[in-house]
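Chains as they are written, first to last, in the working numbering: chain P, 1 to 138; chain F, 139 to 276.
The C-beta atom is built at its ideal place from N, Cα and C for all residues, glycine as well.
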DNA sequence: TCTTTACTTGCGATTTATTCGCATTTGCAT
DNA sequence: ATGCAAATGCGAATAAATCGCAAGTAAAGA
């Protein structure tokens, strides 16, 4: 049972939305829309990709999910908003996505050249190679 | 006159490539393919968008340009690789892109949860509102 | 429980960024 | 100058994401 109450968010609690939510709760890294569709199908629920996109859009608006496009990728990924500050490292070889322990921004106040800028958030991605792929590279 | 010698990079020195290079040299922030086409056209050079993409692809391969997709955007931007460590701040309202003075990563060694990970690079984006847009928001 | 209605989804067409295919053209080494 | 591999012109093809509309459904009220 999900901790997120959709009706409380002012949106209807449909079978499709519950299913997408379930998939996102079970995912252990950000996934794209097509992957969500696959996992939804595996649960025996039939849905159209446009519905998936519409659900993801409204979830993003409501702050339930976080949408992101990784460096060098063409499609967006989605993950549940855990309301905790998280960054990822992505393997350039196998594309695996790993969570980073610490955030360097906590003790850092950046300045923008010659301009005032009001920072509301930031995105940090590390890239490189995971242990396995690094060994293969030699 | 450009400092970059295309023949030295093993690729032919065509009118089109020189023109794209010129546009990138004159740009003061990352721009997308269509914007490059516009600026090329303004210089009186006719080119197809597919040619722009092909040139950008080979420039990226050669390390002459850096391709990036900003948070929440659908299209990629391109900028000349200045071979210096740069990060940007992007205004969520007017989409202006500003350069950040410092890099917090310099004094930071991140660790990846339960895994070894060999970091070769990173990407950091700040987002928020520039002075002008912030005033409009009130 | 039954209606009503506004919100959602099914379904497919459309848009937009980007890539591909192929004939023609053009750098550039000889 | 000549020849050939590489690059471009041109347009068709892909793929991610969005849109439009009719039909279906959640949920608030009678």
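Residue 15 of chain P: member of the alpha helix (DSSP H) spanning 15 to 26, first to last residue. Sequence-distant partners of residue 145 of chain F (beyond 5 residues in either direction) whose C-beta falls short of 7 Å from its own C-beta, in its chain, are 151. Between residue 54 of chain P and chain F, the shortest Cβ-Cβ separation is not below 9 Å. Contact note: residue 195 of chain F does not reach chain P at a C-beta cutoff of 7 Å; the least C-beta distance is about 12 Å.
At a cut-off of 9 Å between C-beta atoms, residue 118 of chain P counts as an interface residue with respect to chain F. Judged by DSSP in its simplified three-state form, residue 227 of chain F adopts strand. Check the Cα spacing between residue 168 of chain F and each of F:271, F:201, F:214 and F:210: the tightest is with F:214. Shown here for residue 238 of chain F: same chain residues with a beta carbon closer than 8 Å to its own, the five before and five after excluded, namely 224, 225, 226, 227, 262 and 264 in chain order. Less than 9 Å divides the Cβ of residue 216 of chain F from the Cβ of residue 162 of chain F.
The three-state secondary structure of residue 143 of chain F, taken from DSSP, is coil. By the neighbour-count criterion, in which a residue is buried when 16 or more other Cβ atoms sit within 10 angstroms of its Cβ, residue 192 of chain F is exposed. In the three-state DSSP reduction, residue 77 of chain P falls in the strand class (E or B). Residue 190 of chain F carries a helical assignment under DSSP once its states are collapsed to helix, strand and coil. DSSP places residue 183 of chain F in the coil class of the three-state scheme, outside both helix and strand.
The C-beta of residue 52 of chain P has 16 or more other C-beta atoms within 10 Å across all chains shown, which makes the residue buried. According to DSSP, residue 205 of chain F shares a beta bridge with F:216. Neighbourhood of residue 68 of chain P in chain F, by CB distance below 9 Å: 209 and 210, in chain order. Here residue 58 of chain P is not near residue 33 of chain P, since their CB atoms are 9 Å or more apart. Taking the Cβ atoms as the reference, residue 68 of chain P lies roughly 7 Å from residue 209 of chain F, within the contact range of under 8 Å.
If you look at residue 11 of chain P, you'll find it isn't in any beta strand (DSSP E); DSSP assigns it neither H nor E. Distances from the CA of residue 165 of chain F to each of F:218, F:185, F:270 and F:267 were compared; the closest alpha carbon is that of F:218.
In terms of beta-carbon proximity, residue 32 of chain P stays away from the interface with chain F, with every pair separated by 9 Å or more.
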